[in-house]
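S.K.:
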Amino acid sequence: MTRRFLRLLACQLLLLFACAQARAADGVEITRAGIEASEEGYRLSVSYAFDLNAGLEEAIQHGVPLSFTTQVELTRPRWYWYDDKAVSQRQTIRIRYDVLTRLYQVSVSGSMQQSFPTLEDAMVLIRRPSRWLVAPRGALKPGETYNVTVRMFMDRDRMSKPIQVNAFNNSQWRLESKDKKFTYRAE
Amino acid sequence: MNQALRYSLIVGGGVVSILLFLLATASSSSGFFERYYSWLLGLNAAVAGALLVFVVVALARLYSRYKNGKFGSRLMARLVLLFAGIGILPGLVIFLVSVQFVSHSIESWFNVKIEAALTSGLNLGLAALDQSVGELAASSEITAATLAGQDRQSTQDILTRLVDERDGILSAMIIGADGKMIMSAAQNRRASLAGDLPTPAMLLQAVMPGGYARQESAERDFKDGAAPLSAPASGTLDSPAGLRLRVVLAIPEPPGSQPRFLQVLQAVPVNLATNAQVLAAAYTEYQERYVARTGLREMYIRTLTLTLLLAIFGAIASAFLIAGNLAQPLLVLAEGTRAVAEGDLSPRPIVATSDELGTLTQSFNTMTGQLFEARSSVERNRAALQSAKAHLESVLENMSAGVIVLDADFNVVNSNEAVERILQHDVAGHMGRALSSIEGLEPFAAAVTSAFSTQNAQSAAGSTRQVRHWQQEIEIPRRRGSEDHVIALLARGSRLPVRAGSGFIVVFDDISDVISAQRSIAWGEVARRLAHEIKNPLTPIQLSAERMQMKLESRLTGTDLELLNKGTTTIVNQVDAMKRMVDDFRDYAKAPPAVLEVLDLNGLIADILHMYLSGDESDIIHAVLAPDLPAIMGDATQLRQVIHNLLQNAQDAMNDRGPDAPPPRIDLTTEAIHYQGADGSAGTAVRLAIVDNGPGFAPKILARAFEPYVTSKARGTGLGLPMVKKIIDEHGGRIDISNRTDGTGASVLILLLKLCPDSVVA
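For the protein sequence lines, the chains are A and B, in the order given.
If you're matching positions, the first sequence starts at 4 in the numbering used here and goes up one per residue.
If you're matching positions, the second sequence starts at 1229 in the numbering used here and goes up one per residue.
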């Protein structure tokens, strides 16, 4: 009896573990990230690989807006003190389905919104956002090496209240990437 | 339960309350609490777990104590169950009702009818829009057909007419294949139409049959209000808010000419647009809520469950605390009662409360204090009684007279040590037996019994004098000895008062010595008279014999003379002997009183020993004289006689020794003895001891050695030791004769107590 119970328990645990693994695969993967120097300043070029799960997709179809926020931090290590936080920027992309016009509207904070007739088209803009000015020229010291941390997640704060509640409990409503870290030598 | 635990529980309770409050606010408000909702949940769960552990540990402890029947565990268990029940049951009821309420009320917000109504409304709006789009598309197609092949001027006219004639048309424009505007007409002529240009995708669709025709939202700015980094790409601020319809069609140009597109923008009537937008917003909101409903319910239930668990565990923990608090004074009291039962009357720790329990412990302590007082006073009385009894007993034990207490049936109840010494029978060992049944005491028992009977008879005869006791001389045989050696006892008997229980008490003393002394005096008197009477005729007898010899000696010859001489010699000798004997008697009976003077006993002894010692090794007398012997008060002549007598006795005893005895030896020692007087003052005495290794005194002689005419010698008068005794008595000393403990020889000890007052008292 006890053995059977233990075996059952072990199976449950394995299943749970497998689910956790699968869910981890559900997360956002940052496929490419880099800082490019341009004339106005430094731009972040980044691309993600992820799919919306069924729950999120259905929510979008019903007109629930979703926000994805990219957070980038450039820090300069200092041996005598805390790291110098040179740049800390956030960019939020919102996707929303307009039931009246039957269009997916993607708006990037600070720039115009675009409409797409299909979700896939809209998602392209989210997965491969345009280069984004994270720091004006002069914010970084040329020649210095900076640690760059990039993270992307579904922004709960920008959701409407009932959905926020849902996001606490439902793991389907949690979508985030791990920190992507790389160094950048400022030009 | 100690103080620290109690305080930590109180603090923990406060923390839990705060956590619960935060959790509850987290469910309703946004921002900070929402972000940390999971943390709050986890913290609360951790607290609940800690409480659970505490409760489990406490319950296990209580159970084991209950199992072992430990004192107080039953009361504790009952109180804990009671308080826990009071805490848990209402909590459970509220929880169940709340859960029921939450799940039902949340579900009731959403039902199929509302959803269907919203969807239908939306579809209705969409249908209306679609229809408008269809109409616009149809009219645009006609316009496009008229535009085909027209020159520039007429095209402009057509466009202007279209804008002017049809209601709601915002703008109409001709677009080239490259997407650039060729010409346009707008209702608001100042408006910039750059932002309204169709996208390439629209143009692509416009080539298809039917063209591009759909409604779109006029607002394009980002609503979230985030500060834009770069300026908006195009100015659409002046375009009217709301919905508009866009139709893009390829103008059916004659073959060979450049392809051109017609785009017509029409505003949806404000009424329709507003309603449709409200409907769409409501629909979206409803859908959001619908999606979130499971999570919401789950969160409410989770919070409620956690609250319930915290409440339950808190209730049980509080139950333990309260039960402990309530039970503690009772346990202290119970412990105290048990201690009192075991005889421990020390004060208990007081429960410092002002309520009845505190009063109870205080009065309990007062009670034990009084008990303690009472017990100690009883103890004191008992000790006093005991010491009094011990005193009485010791008095009884040390009395020289024998005391026997008898009950009504003449059974021995009590006796003292002197009884055994006097009667030479063990009476104390026969406690509870009849006196007459003790072997050897039958005559004594018979005498006592008859004495009491006589007393009864006297009482019955109505003697005028109240007879309280009787007195009688009783003679009982010695245990070992001949018939004529009896112990003379003077016994007194009395009845014990009836109050103390019917019984008799017999007190008796050995008066053998008294009788012996009386006998000595009587003998002395007899001897003195006899000597006087005998001595008178002796001198005439002697003188007559001497005269006969003197007168007849010359006249007789031969055998007659010989006979005369022999006869007269015999007479004279015998008379001499008789005279000496009579003198002895006279001396004994009428010894002159001792004249006490300061005397050096050692000097006296040395003087006497000159006569006995020859100075060589054949001497049998060994003297050991203490050098610092104090001077005594004594009569030198009489003491000289004492020493002579004793030494003579010892020497005589040597002659009666067996043939294989060790060499004869007489030890003469003097020493100073220090003793404590009856009044506690220190005193000094001089002891003279003469010890020999001869055969010792015969037991028969030993008992009556100081009586005259008691002698073991063939030719003794038996007056030696009586004389010695008499002299020593006159000197106020004591004489003690005994056989040596090892059975070889006799010892005579003389203690002289009168010392010269000037002599050094060491």
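The C-beta atom is built at its ideal place from N, Cα and C for all residues, glycine as well.
Taking the alpha carbon of Phe1249 of chain B as the point to measure from, which residue in B:Gln1231, B:Leu1268, B:Leu1233 and B:Arg1525 has its own alpha carbon closest?
M.R.: Working through the second sequence from its first residue, we reach residue 1249 of chain B at position 21. Checked all of B:Gln1231, B:Leu1268, B:Leu1233 and B:Arg1525; the closest Cα to Phe1249 of chain B is B:Leu1268.
S.K.: Identify every residue that forms a DSSP beta bridge with Phe1338 of chain B.
M.R.: In the second sequence, residue 1338 of chain B corresponds to position 110, counting from 1. None, per the DSSP bridge assignment.
S.K.: Report, in whole angstroms, the separation of the C-beta atoms of Phe1600 of chain B and Leu1620 of chain B, which I expect to be a contact under 8 angstroms.
M.R.: As a working note, residue 1600 of chain B is residue 372 in the second sequence. As a working note, residue 1620 of chain B is residue 392 in the second sequence. With a Cβ gap of about 30 angstroms, Phe1600 of chain B and Leu1620 of chain B do not count as contacting.
S.K.: Output needed for Ala1504 of chain B: all residues of its chain with C-beta closer than 6 angstroms, excluding positions within five of it in sequence on either side, in chain order.
M.R.: Here residue 1504 of chain B is taken as the residue at index 276 of the second sequence, counted from 1. Taken in chain order, the residues that qualify are Gly1353.
S.K.: In terms of residue numbering, what span does the alpha helix (DSSP H) encompassing Trp1751 of chain B cover?
M.R.: Here residue 1751 of chain B refers to the residue found at position 523 when the second sequence is read from its first residue. Its alpha helix (DSSP H) spans residues Ser1740 to Glu1781.
S.K.: Can you tell me which of A:Phe71, A:Ser180 and A:Arg81 puts its alpha carbon nearest to the alpha carbon of Gln94 of chain A?
M.R.: Walking along the first sequence from the start, residue 94 of chain A turns up at place 91. Nearest option by C-alpha distance: A:Phe71.
S.K.: Please compile the residues from chain B whose C-beta is within a distance smaller than 9 angstroms of the C-beta of Asp101 of chain A.
M.R.: Within the first sequence, residue 101 of chain A is the residue found at index 98, counting from 1. The answer, in chain order, is Glu1444, Ser1445 and Ala1508.
S.K.: What residues of chain A sit near Glu1516 of chain B, judged by a beta carbon separation below 7 angstroms?
M.R.: Here the question's residue 1516 of chain B lines up with position 288 in the second sequence. Simply Val67, Ser163, Pro165 and Ile166.
S.K.: Got a sec? Which residues, its chain only, sit under 6 angstroms from Gly1911 of chain B by beta carbon, not counting five neighbours each side?
M.R.: Residue numbering aside, residue 1911 of chain B sits at position 683 when the second sequence is read from its first letter. So the list reads Tyr1903 and Gly1905, once near-sequence residues are dropped.
S.K.: What does Thr104 of chain A reach in chain B if we use C-beta pairs closer than 9 angstroms?
M.R.: The residue given as residue 104 of chain A occupies position 101 in the first sequence. Going along chain B in sequence order, the residues near Thr104 of chain A (Cβ under 9 angstroms) are Leu1357, Arg1442, Gln1443, Glu1444, Ser1445 and Leu1471.
S.K.: Considering only residues of the region 140-180 of chain A, which uninterrupted beta strand (DSSP E) runs meet the minimum length of 3 residues and lie entirely inside it, listed in chain order?
M.R.: Fully enclosed beta strand (DSSP E) runs of 3 or longer: 148-157.
S.K.: Would you call the region 1808-1828 of chain B and the region 1781-1793 of chain B in contact, with 3 or more CB pairs under 8 angstroms?
M.R.: The answer is no - the region 1781-1793 of chain B does not touch the region 1808-1828 of chain B, with fewer than three Cβ pairs under 8 angstroms.
S.K.: Starting from Glu32 of chain A and walking both ways along the beta strand (DSSP E), at which residues does that stretch end?
M.R.: Along the first sequence, read from residue 1 onward, the residue named residue 32 of chain A stands at position 29. It spans Glu32 to Ala40 - the beta strand (DSSP E) in which Glu32 of chain A sits, taken as one unbroken run.
S.K.: Quick check: the Cα distance between Glu43 of chain A and Val137 of chain A, rounded to an integer number of angstroms?
M.R.: Translated into the one-based positions of the first sequence, residue 43 of chain A becomes position 40. Translated into the one-based positions of the first sequence, residue 137 of chain A becomes position 134. Each residue's alpha carbon lies about 10 angstroms from the other.
S.K.: Pull up the distance between the alpha-carbon of Ile1769 of chain B and that of Ile1762 of chain B, whole angstroms please.
M.R.: Numbered from 1 along the second sequence, position 541 holds the residue referred to as residue 1769 of chain B. Numbered from 1 along the second sequence, position 534 holds the residue referred to as residue 1762 of chain B. Near 11 angstroms, if we compare the C-alpha coordinates of Ile1762 of chain B and Ile1769 of chain B.
S.K.: Taking Cβ positions, are Tyr45 of chain A and Val90 of chain A nearer each other than 9 angstroms?
M.R.: Mapped onto the first sequence, residue 45 of chain A falls at position 42. Mapped onto the first sequence, residue 90 of chain A falls at position 87. For Tyr45 of chain A and Val90 of chain A, yes; Cβs fall inside 9 angstroms.
S.K.: Here's a check: name, in chain order, each residue in its chain whose Cβ is nearer than 6 angstroms to the Cβ of Phe1 of chain A, leaving out the five neighbours to either side.
M.R.: No information on residue 1 of chain A is available, as it lies outside the stretch 4 to 190 that chain A covers here.
S.K.: Alpha carbons only, please: which of B:Val1283, B:Val1803, B:Val1330 and B:Gly1924 is nearest the one belonging to Leu1532 of chain B?
M.R.: Stepping through the second sequence from its first residue, residue 1532 of chain B is reached at position 304. Nearest of B:Val1283, B:Val1803, B:Val1330 and B:Gly1924 to Leu1532 of chain B, Cα basis: B:Val1330.
S.K.: Is there contact between the region 1474-1489 of chain B and the region 1371-1383 of chain B, where contact requires at least three CB pairs shorter than 8 angstroms?
M.R.: The answer is yes - the region 1371-1383 of chain B touches the region 1474-1489 of chain B, with three or more Cβ pairs under 8 angstroms.
S.K.: How would you write the range of the beta strand (DSSP E) that His1902 of chain B sits in, first residue to last?
M.R.: Mapped onto the second sequence, residue 1902 of chain B falls at position 674. Start and end: Ile1894 to Gln1904.
S.K.: Helix or strand or just coil, what does DSSP make of Leu1465 of chain B?
M.R.: Numbered from 1 along the second sequence, position 237 holds the residue referred to as residue 1465 of chain B. Caution is warranted here: a pLDDT of 36 is assigned to Leu1465 of chain B, below 50, making its placement in the model unreliable, and the coordinate value is therefore given only provisionally. DSSP places Leu1465 of chain B in coil when its eight states are reduced to three.
S.K.: Below 8 angstroms, can you find three or more Cβ-Cβ pairs linking the region 1969-1979 of chain B to the region 1830-1840 of chain B?
M.R.: The region 1969-1979 of chain B vs the region 1830-1840 of chain B: no contact.
S.K.: Taking the straight line between their C-alpha atoms, what separation do you get for Leu1310 of chain B and Ala1547 of chain B?
M.R.: On the second sequence, residue 1310 of chain B is found 82 positions in, with the first residue counted as 1. On the second sequence, residue 1547 of chain B is found 319 positions in, with the first residue counted as 1. Cα to Cα, the separation comes out at about 8 angstroms.
S.K.: So which residues on chain B does Ala62 of chain A lean against when the C-beta distance must stay under 7 angstroms?
M.R.: Counted from its first residue, the first sequence places residue 62 of chain A at position 59. Residues of chain B passing the Cβ test: Val1519.
S.K.: Consider the Cβ of Tyr1294 of chain B: report whether some Cβ of chain A lies at a distance smaller than 9 angstroms.
M.R.: Residue numbering aside, residue 1294 of chain B sits at position 66 when the second sequence is read from its first letter. Answer no: the Cβ-Cβ gap between Tyr1294 of chain B and chain A never drops below 9 angstroms.
S.K.: When the Cα atoms are used, what is the spatial distance from Asp124 of chain A to Glu39 of chain A?
M.R.: By 1-based counting over the first sequence, the position of residue 124 of chain A is 121. By 1-based counting over the first sequence, the position of residue 39 of chain A is 36. Whole-angstrom Cα-Cα distance: 26 angstroms.
S.K.: Does chain A have any CB closer than 9 angstroms to the CB of Ala1422 of chain B?
M.R.: Translated into the one-based positions of the second sequence, residue 1422 of chain B becomes position 194. So, not an interface residue.
S.K.: Report the partner residues of Glu1825 of chain B according to the DSSP bridge assignment.
M.R.: The count along the second sequence starts at 1 and reaches residue 1825 of chain B at position 597. Paired residue(s): B:Gly1862.
S.K.: So Gln1505 of chain B contacts chain A; which residues on that side make the cut at Cβ distance below 8 angstroms?
M.R.: Residue numbering aside, residue 1505 of chain B sits at position 277 when the second sequence is read from its first letter. Neighbours of Gln1505 of chain B on chain A, chain order: Leu103.
S.K.: Can you tell me where the alpha helix (DSSP H) with Lys183 of chain A in it begins and where it stops?
M.R.: Residue mapping note: residue 183 of chain A aligns to position 180 of the first sequence, counting from 1. No alpha helix (DSSP H) contains Lys183 of chain A, which is instead part of the beta strand (DSSP E) from Lys183 to Arg188.
S.K.: Please decide whether Gly1438 of chain B counts as near chain A, where near means a Cβ-Cβ distance under 9 angstroms.
M.R.: Indexing the second sequence from 1 puts residue 1438 of chain B at position 210. No, no contact with chain A.
S.K.: Less than 7 angstroms between C-beta atoms, sequence neighbours within five positions excluded: which residues of the same chain meet that for Ala170 of chain A?
M.R.: Against the first sequence, residue 170 of chain A aligns to sequence position 167. Around Ala170 of chain A: Arg159, Met162, Trp176 and Arg177.
S.K.: Over the uninterrupted beta strand (DSSP E) stretch that includes Arg97 of chain A, give me the two end residues.
M.R.: To locate residue 97 of chain A, count along the first sequence from 1; it is residue 94. Arg97 of chain A -> beta strand (DSSP E) spans Asp87 to Asp101.
S.K.: Could you check what DSSP says for Trp1698 of chain B in three-state terms: helix, strand or coil?
M.R.: Working through the second sequence from its first residue, we reach residue 1698 of chain B at position 470. Strand at Trp1698 of chain B.
S.K.: Apply the 10 Å Cβ neighbour rule to Phe1541 of chain B and answer buried if 16 or more other Cβ atoms are within range, or exposed otherwise.
M.R.: Here residue 1541 of chain B corresponds to residue number 313 of the second sequence, with the count starting at 1. Per the 10 Å Cβ criterion, buried.
S.K.: Give the secondary structure of Thr72 of chain A by DSSP, where H, G and I count as helix, E and B as strand, and everything else as coil.
M.R.: Within the first sequence, the letter at position 69 stands for residue 72 of chain A. Note: Thr72 of chain A maps to strand in three-state DSSP.
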